[in-house]
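Chemist:
Residue numbers (our numbering): 5 to 108.
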């Protein structure tokens, strides 16, 4: 029974990781979530698009690849002088991908 449970947990974790784009393979998703919270990304997005701010992720064709997503995070980093290192930018993009975009 323990082996079955371990196998099931491993398969679920593997499936979860497989759903991320290779650009985000080694990204720290928890760091990305923390950086978004610490830098109040949602508050800025609410000011820009209204509502809960999530509409910023919906325009069709605006962000249609994992690379473009990472580029937009880098754009915010540069414009707002957030001071992210490259791995921070990737972590935030990976967290956004996991939450909204689902690029594989």
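We put the CB at the ideal spot given by N, CA and C, even for glycine.
Mind checking whether residue 56 and residue 62 have CB atoms under 8 Å apart?
Modeler: Here residue 56 is taken as the residue at index 52 of the chain shown, counted from 1. Here residue 62 is taken as the residue at index 58 of the chain shown, counted from 1. Result no, Cβ atoms of residue 56 and residue 62 do not sit closer than 8 Å.
Chemist: What first and last residue would you give for the alpha helix (DSSP H) that runs through residue 49?
Modeler: Taking the first residue of the chain shown as position 1, residue 49 is located at position 45. Start and end: 45-53.
Chemist: Would you call the CB atoms of residue 94 and residue 31 closer than 8 Å?
Modeler: What you label residue 94 is simply residue 90 of the chain shown in a count that begins at 1. What you label residue 31 is simply residue 27 of the chain shown in a count that begins at 1. Yes; because the gap between Cβ atoms is below 8 Å, this pair is in contact.
Chemist: Could you tell me if residue 87 is buried or exposed, where buried requires 16 or more neighbouring beta carbons within 10 angstroms of its beta carbon?
Modeler: Against the chain shown, residue 87 aligns to sequence position 83. Under this definition residue 87 is an exposed residue.
Chemist: Nearest by alpha-carbon distance to residue 68: which of 47, 39, 92, 100 is it?
Modeler: Your numbering for residue 68 matches position 64 in the chain shown. The option with the nearest alpha carbon to residue 68 is 100.
Chemist: Could you give the residue range of the alpha helix (DSSP H) that holds residue 101?
Modeler: Numbered from 1 along the chain shown, position 97 holds the residue referred to as residue 101. Unbroken run through residue 101: none, as it is neither H nor E.
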